[in-house]
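K.L.:
The listed protein sequences derive, respectively, from chains E and U.
Here the first sequence stands for residues 107 to 509, numbered as in this note's numbering.
Here the second sequence stands for residues 381 to 623, numbered as in this note's numbering.
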Amino acid sequence: MSLRNIGIVYRKELIDSLRDQRTLISMIAVPLLLVPLLTIGLLVVMVRQVGEASEEVPKVMILGGEDSPNVRAELEKLQGVKIVPENSAYAEEISSKRIRAAVEIPADFDAKLSAGEPMSVKIYMYQGELKSGFGANRLEKFFRDLRDRAIRERLEARHLPENMVRPFDIKQQNVASPEKVGGALIGGLVPYFIILLCLTGAMYPAMDLTAGEKERGTIETILCSPVSRTHLVLGKFLMVLTASVATGVLSVISMTVSFGVGKKLLQGVANGAADTILQITMTGKAVISVFTMVLPLAVLFSAALLAIALFAKSYKEAQSYISPLMIVVVLPAVAAVLPGVELNAALALVPVLNTSLISKEIMTGTYHWKYIVLIFASSCIYAAGAIAIAVKLFQREDVLFRT
Amino acid sequence: MIEAQGLVKKFRDKTRGEVRAVDGVSFRCRPGEIFGLLGANGAGKTTTLRILATILTPSAGTAIVAGYDVTRQSQKVRSSVGFLSTATALYGRLSAREMVEYFGRLHGLDETTLRQRIDAIFERLGMNDFRDRRCDALSTGMKQKVSIARTLVHDPSVMIFDEPTVGLDVMAARTIIEFIRECRDRGKTVIFSTHVMSEVEKLCDHIGIIHDGRLLAEGTLADLRQRFSKQDLEDIFVEVVEQ
């Protein structure tokens, strides 16, 4: 193994790539321009959404209750909701987001309440829709308070203590630090971006250094030099890896700065509605750890892209081979961002998904060392396999001179 | 010296099945001589020369180039060979100097020797005016000179030219023809493939007529004229191929 020759090839490819506009755009312009725009843009949209939802006075509809003037009068006085006239198409109104929720008051509500007869109040809402949730919650709270008051009055009338029907209270108490709460909410996005950008950063140089060389006719020129094909592919691989890592590093720096700026700009906006999300802190330790985990993945991407692009006869053909690979990488990376997907031993062996999941944990400040070691080792094995395949393909005449 | 012995190269083709692009080619080319490989398109010229330059490995047979075996000592062969064809393009984003430097370094030259060689070659070929200009901004003639400089930087004893004048204008082709002649005059072993009869008549000491992967006739121009009782090389070529 001649490190000198690998170094010569690497140096040349570096100079060559740094003069290639497409590589420069994907390696430097995307992380430094697009990432801040995306990060700040995403934060602004999120804060605005949450803020709007919490500030909006939800329109709600009261169904029935004409025979119960007391509860209707109280409902109409309820703060934080706007009562709209009754309409039989309430379900359609909720689904089309014209109103947020509706409450159905059972017949003879007032009378039954006084008589202590059983009945149930129905609240109609759009599940999963934030603003509908707010509206329904307000209605539910109103009836819960009303129920509590009725219980209290009945107990008092019988001279019984309040805790008779309520022997104990239940309270949820958050013990996770604010960073962890924020991290759990959007922490998965940071590694997702790093992984995606490591891939896109490697794409153009990988195509340029293989299919591009075939297209421009320089592959034959380099093959008649005394450099061995193994040294040649390793030099090229190092260049692709450099582009991948550089894109990753630049995007991390850019994301950290943008996040800091975004936090300063948005903290306290919309009555602090989005402050929980903004509590995510990108500590140096977390960023370095995430990056260490992504490094073998960058090696895997670089070698795999190089091998795939080498198969192609032209740049265009290489693009058509590589585009589906984007989906293969994006899907597991997205899966890791979804709530509820938890790391286990089997998932720790799935490339990309494993790194994405462990990085999400790291972003919240949790370090599962067993998984970290397992994932790092498995990623290294996949990466080594990809390099071996790339080296092997470079020895094959039918691949190099495919017509 | 180049000594090819029973070279065979088989390919698998989706439609045609197994194809023998080169089929038992043997010949010898001595230092200070130009061996012309004459054949139509698809005759097997490029494949033969790619085997000699160790870009392809032979399926059978072997060749000794500059004293080294093409299959077992391919790296040493490449260190002793200068290979030039219209397919050997330049790195467009490198300057003329960077392009030649890159190949000089890959040939193991130290920085002092490399600088001296580049200065001498650039001077000789009149390349100093565009030495720092990017290759993609050069004219065809200038590009040819850079390619020549690239093949010369390690001072090879064997030169392989695969249809080097295809697609070139008269002036650029002339530069190449003169360069090939100069290589022979400097005592290098030169092999040259073409389908242009006039180039062969002008340049070659020995001629090999190749068709369907087989070397059908070989000798000096005088030998061939005598053997086929014809003066015109084109007539000789047609007769050999049609036989």
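Ideal placement from N, C-alpha and C gives every residue a C-beta, glycine not left out.
(1) Below 8 angstroms CB to CB, which residues in the same chain sit around E/F397 once its five sequence neighbours on both sides are set aside?
(2) Find the residues of chain U that neighbour E/N510, judging by a C-beta separation of less than 7 angstroms, and give them in chain order.
(3) Rounded to whole angstroms, how far is the Cβ of E/G170 from the Cβ of E/A207, which I believe are closer than 8 angstroms?
(4) What residue range is occupied by the uninterrupted alpha helix (DSSP H) comprising E/M469?
(5) At a CB-CB cut-off below 7 angstroms, which residues of chain E make contact with U/L436?
(6) Run down chain U in chain order and give the residues with a C-beta less than 9 angstroms from the C-beta of E/R322.
(7) So is E/L437 buried or exposed if we call it buried at 16+ other beta carbons inside 10 Å?
(8) What residue ranges within the region 460-545 of chain U form continuous beta strand (DSSP E) runs of no fewer than 3 residues, ordered along the chain?
(9) Can you list, in chain order, the residues of its chain whose CB lies under 7 angstroms from that of U/Y471, leaving out five sequence neighbours each side?
(10) Between E/A256 and the rest of its own chain, which residues show a CB-CB distance below 8 angstroms, the 5 nearest in sequence each way excluded?
(11) Residue range of the alpha helix (DSSP H) that E/G241 falls in?
(12) Please check if any C-beta of chain U sits within less than 8 angstroms of the C-beta of E/K498.
(13) Would DSSP call U/R400 helix, strand or coil?
(14) Can you tell which of E/L411, E/L449, E/N243, E/Y488 has the C-alpha that lies nearest to the C-alpha of E/E231?
(15) Taking just the CA atoms, how far does E/T336 sit from U/A401?
(16) Could you list the residues in the region 409-421 of chain E with a C-beta less than 9 angstroms from some C-beta on chain U, going in chain order?
(17) Mind pulling the chain E residues with CB within less than 7 angstroms of U/A433?
(18) Please name the residue in U/Q455, U/L595, U/R473, U/A443 whose C-alpha comes closest to that of E/D314.
(19) What do you reckon, is the C-beta of E/A496 under 7 angstroms from a heavy atom of the ligand GDP?
(20) Under 7 angstroms Cβ-Cβ, which residues of chain U neighbour E/K118?
(21) Measure how close the beta-carbons of E/V434 and E/A441 come, nearest whole angstrom, since I'm counting them as under 8 angstroms.
(22) Rounding to the nearest angstrom, what Cα-Cα distance links E/G234 and E/R204 in this structure?
(23) Just the Cα atoms here: how many angstroms apart are E/E319 and E/Q155?
(24) If the criterion is Cβ atoms closer than 8 angstroms, does the pair E/F240 and E/P164 meet it?
(25) Using a Cβ-Cβ distance cut-off of 8 angstroms, determine whether E/S283 contacts chain U.
(26) For E/A208, report the span of its alpha helix (DSSP H) as first-last.
(27) Is it true that the region 389-398 of chain U meets the region 474-491 of chain E, where meeting means three or more beta-carbon pairs spaced less than 8 angstroms apart?
(28) Is the beta carbon of E/V339 closer than 8 angstroms to that of E/A82?
(29) For the region 488-496 of chain E against the region 401-419 of chain E, are there 3 or more C-beta pairs whose distance is under 8 angstroms?
(30) What's the gap between the Cα of E/E172 and the Cα of E/G222?
(31) Check for me: the alpha helix (DSSP H) holding E/A492 runs from which residue to which?
P.N.:
With the given structure in hand:
(1) I300, G354, V355, V358.
(2) Since the displayed chain E opens at 107 and closes at 509, residue 510 of chain E lies outside it and no answer follows.
(3) About 15 angstroms separates the Cβ atoms of E/G170 and E/A207, ruling out a contact at the 8 angstroms cut-off.
(4) Its alpha helix (DSSP H) spans residues 459-469.
(5) Those are E503, listed as they occur along chain E.
(6) The contacting residues are A469, L470, Y471, G472.
(7) Exposed is the call here.
(8) Correct list: 461-465, 538-542.
(9) Around U/Y471, the same chain offers M479, C515 as residues with beta carbons nearer than 7 angstroms, after the five sequence neighbours per side are excluded.
(10) Only residues of its own chain outside the window of five on either side were considered, and among them L219 have a CB closer than 8 angstroms to the CB of E/A256, listed in chain order.
(11) Residues 236-263.
(12) No, E/K498 does not count as interfacial toward chain U.
(13) Here U/R400 sits in strand by DSSP.
(14) First, the amino acid is wrong: residue 231 of chain E is Met here, not Glu. Just measuring C-alpha positions, the residue of E/L411, E/L449, E/N243, E/Y488 sitting nearest E/M231 is E/N243.
(15) Taking the CA atoms as reference points, U/A401 sits about 27 angstroms from E/T336.
(16) For the region 409-421 of chain E, which is checked against every Cβ of chain U, not one residue is closer than 9 angstroms.
(17) Listed along chain E, the residues sitting closer than 7 angstroms to U/A433 by beta-carbon distance are C330.
(18) It is U/R473 whose Cα lies nearest to the Cα of E/D314.
(19) The ligand GDP is not among the ligands present in this structure, which contains no ligands whatsoever.
(20) E/K118 reaches chain U at Y482, counting residues in chain order whose Cβ is nearer than 7 angstroms.
(21) At roughly 12 angstroms, the Cβ-Cβ gap does not stay under 8 angstroms, so E/V434 and E/A441 are not in contact.
(22) When rounded, the separation of the alpha-carbon atoms in E/G234 and E/R204 is 16 angstroms.
(23) E/E319 and E/Q155: Cα-Cα distance of roughly 48 angstroms.
(24) Yes, the Cβ-Cβ distance between E/F240 and E/P164 is below 8 angstroms.
(25) Using beta-carbon distances, E/S283 does not count as an interface residue toward chain U, since no partner is under 8 angstroms.
(26) Here E/A208 belongs to no alpha helix (DSSP H); instead the beta strand (DSSP E) covers 207-211.
(27) The region 389-398 of chain U, when compared against the region 474-491 of chain E, does not touch it at the 8 angstroms Cβ threshold.
(28) The question about residue 82 of chain E has no answer here: the residues shown for chain E are numbered 107 through 509.
(29) Yes, the region 488-496 of chain E touches the region 401-419 of chain E.
(30) Per the coordinates, the alpha-carbon of E/E172 lies some 19 angstroms from the alpha-carbon of E/G222.
(31) First-last of the alpha helix (DSSP H) with E/A492: 475-501.
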